[in-house]
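Note that our numbering has the sequence shown beginning at 4, numbered continuously upward. We treat Cβ as the ideally placed atom computed from N, Cα and C, and that holds for glycine. For clarity, every value in this text was computed on a predicted model and none was experimentally measured. The block underneath contains the structure these notes are about, expressed in structure tokens.
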Amino acid sequence: MAAELTAHQLIEKHRPTLDQALEAVRTRAYWSPHPEHPKAYGENGSLDAAAGKAAFDALLGTRLDLDQPGTDDWVGGEVSPYGIELGVTYPHADLDVLLPAMRAGQRAWRDAGPEVRAVVCLEILKRISDRTHEFAHAVMHTSGQAFMMAFQAGGPHAQDRGLEAVAYAYAEQVRTPAAAEWTKPQGKRDPLALTKTFTPVPRGTGLVIGCNTFPTWNGYPGLFASLATGNAVLVKPHPRAVLPLALTVQVARDVLAGAGFDPNLVALATERPGEGIAKTLATRPEIKIIDYTGSTSFGDWLEVNARQAQVYTEKAGVNTVIVHSTDDYQGMLSNLAFSLSLYSGQMCTTPQNLLVPRDGITTDQGPKTFDEVTADLARAVDGLLGDDARANALLGAIVNPDVKARLEAAAGLGEVALPSREIANPEFPDAVVRTPVIVKLDGAKPDDEAAYMSECFGPVSFAVAVDSVTDAVELLRRTVREKGAMTVGAYTTDAGTEAAIQEVCFEEAAQLSLNLTGGVYVNQTAAFSDFHGSGGNPAANAALCDSAFVANRFRVVEVRREA
């Protein structure tokens, strides 16, 4: 159990960070309190690399007892995409016992107010940050991310997204004053006078349904948005990626108890093999908020069937890049090659369709035909991943057999411009590591359309020949409208083309990156500045993070009294 901290001590400790987060959200400038470099850890109570690895190793083969009510079994079975069995077991809950227990502490949590809730959340994030090295190994060995990506995306970047959600939640709750004196003149008569109070009240218990690929990055926004707005939160991890979120729940329960609140405000729900408790949980009357990241089919099911809950989904889309012209051809190729390769394309933001006019593009190196652009991009990916050690550090491991099957099937969809190859990982011989495949398709052929208009999650990209940039813009519009997109990219030196692409993104609510040739990539977003998704197209009904993501997790209840 962690040392107890009073509300006053927590406010004194974390209020400056909360204020900085509020300012960062306002200005959209770069800011982060969580260091990205592994060497920044090891002082002031944080674990260094060796201690973090040792802490992770000590978890293997153990029972992670969270001291939750209603535990009726112990479940586990996670196998790392790198080939090792984690052997960790977790509490399985009797929901009829656990859910009422979670609600018991909500009154005191509500009455604590927005500021205390916010700083308790910041203390949870601080203690997670101190264990970033440990969490990085947990993310790596459940998601298949390479270590550095697991460290950064699963650590500081995830923590940033959680803090961002807390900042938005706090701002929305204090937008309405806690009290007001209301006086209405009545001419010669005495004025009408009322004293009014306004209290943010939680909707109820929130449910976070975790994903396999980014358990913390995608899990923290909903978890902390609901907790900061006064709700209890039940975390249901993906069966292949339990450990990072189980550790998160453990830290949250520890901090809540130390701050004088009921630790059952945050709890874990795991499942036996094949049990599939997500649908059961999602339709329980106690569940009032749901945060989900994953497949379109289940996201659609939640939006239709979880009628008692406010549902926030990040599903899937067909991310598109239009290549029209560039004044930095090599920079464009390098940037795209990295975007296609990072984490084996297993990101909801990775480009899938590259739309290139069949007559070619203009560049600073002269005209380039469709075939030349495709071949040059293939060479850029090959060059980036030619060294196996570098390739392993970028690609990570294939997260599950479904991704591997899609990759293998993609080669039969068209002419292969870049075949995928297998890469050995000396440290983890059982890891499944594959380079991306690039397949050439024709935008005018119906059979090809069936391929590029379907999401193919993983290291698969389609170079699609189109008749003109006008056709590319219209295909972009149709793709976003029908299939959704988390990201859109474009390369053009023509102001009119840029304006046309931008207009499509405005009308279809898609986030756009233009002419990226340096160290920022279309599939990366920065907390406090970039919006992840828009909530305005079929890929997601919510954005990480904006006011809409937090404001409907609570309601304001007014009490009026005669003055």
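Cross-strand partners of residue i (DSSP beta bridge)
| i | result |
| --- | --- |
| GLY209 | VAL236 and ILE292 |
| TRP185 | LEU197 |
| ILE325 | LEU358 and ALA493 |
| LEU271 | VAL238 |
| LYS1 | Shown here, the chain extends from 4 to 566; a query on residue 1 therefore has no answer. |
| GLU425 | ARG437 |
| TYR455 | Answer by DSSP bridge pairing: none, since TYR455 is not bridged. |
| HIS37 | Its beta-bridge partners do not exist; DSSP assigns none. |
| TYR93 | VAL78 |
| PRO203 | VAL559 |
| ARG106 | BP columns for ARG106 are empty, so no partner. |
| ARG66 | THR92 |
| TYR346 | Answer by DSSP bridge pairing: none, since TYR346 is not bridged. |
| GLN313 | ILE292 |
DSSP-derived helix/strand/coil call for residue i
| i | result |
| --- | --- |
| GLY73 | coil |
| ILE14 | helix |
| ARG178 | coil |
| PHE557 | strand |
| THR219 | helix |
| PRO224 | helix |
| GLY302 | helix |
| LYS42 | helix |
| ALA5 | Since pLDDT at ALA5 reaches only 49, below the 50 mark, its modelled position is unreliable, and no value is offered. |
| ILE364 | strand |
| THR352 | coil |
| PRO449 | helix |
| PHE465 | strand |
| PRO432 | coil |
| ALA392 | helix |
| VAL472 | helix |
| LYS371 | strand |
| LYS129 | helix |
| ALA420 | strand |
| LEU444 | strand |
| GLU565 | strand |
Same chain only: Cβ atoms within 6 Å of residue i, ignoring 5 sequence neighbours per side
| i | result |
| --- | --- |
| ALA512 | SER537, GLY539 and ASN540 |
| LYS371 | GLY363 and ILE364 |
| CYS3 | A query on residue 3 cannot be resolved here, the shown segment of the chain reaching from 4 to 566 and no further. |
| THR202 | VAL560 |
| GLN71 | PRO94 and ALA270 |
| ALA10 | VAL119 |
Short Cβ contact (9 Å threshold) for residue i with residue j
| i | j | result |
| --- | --- | --- |
| LEU226 | VAL211 | yes |
| SER49 | ARG134 | yes |
| ASP97 | THR65 | no |
| VAL324 | LEU345 | no |
| THR216 | ALA249 | no |
| LEU387 | ALA420 | no |
| VAL314 | ILE280 | no |
| ARG437 | LYS407 | yes |
| ALA228 | VAL553 | yes |
| GLY492 | VAL469 | no |
| GLY297 | TRP112 | no |
| LEU271 | LEU237 | yes |
| ASN322 | THR208 | no |
| CYS124 | GLY165 | yes |
| ILE441 | PHE465 | yes |
| GLY80 | PRO240 | no |
| THR186 | PRO194 | yes |
| VAL91 | LEU63 | yes |
beta-carbon residue i near the ligand PLP non-hydrogen atom, thresh 8 Å
| i | result |
| --- | --- |
| HIS40 | Absence of the ligand PLP is noted for the structure shown, with no ligands found whatsoever. |
Residues of its chain near residue i, where Cβ-Cβ distance is below 7 Å and the 5 sequence neighbours each way are ignored
| i | result |
| --- | --- |
| MET4 | Confidence in MET4 is poor, its pLDDT being 41 and thus under 50, which makes the residue's placement unreliable; the coordinate value appears in the next sentence. Correct list, in chain order: ASP257, ALA260 and GLY261. |
| LEU478 | LEU358, GLY446 and VAL469 |
| LEU336 | ASP379, LEU380 and ALA383 |
Alpha helix (DSSP H) runs contained entirely in the region 478-550, provided each spans 4 or more residues: 498-511
Unbroken stretches of the beta strand (DSSP E), 3 residues or longer, contained in the region 132-174: none
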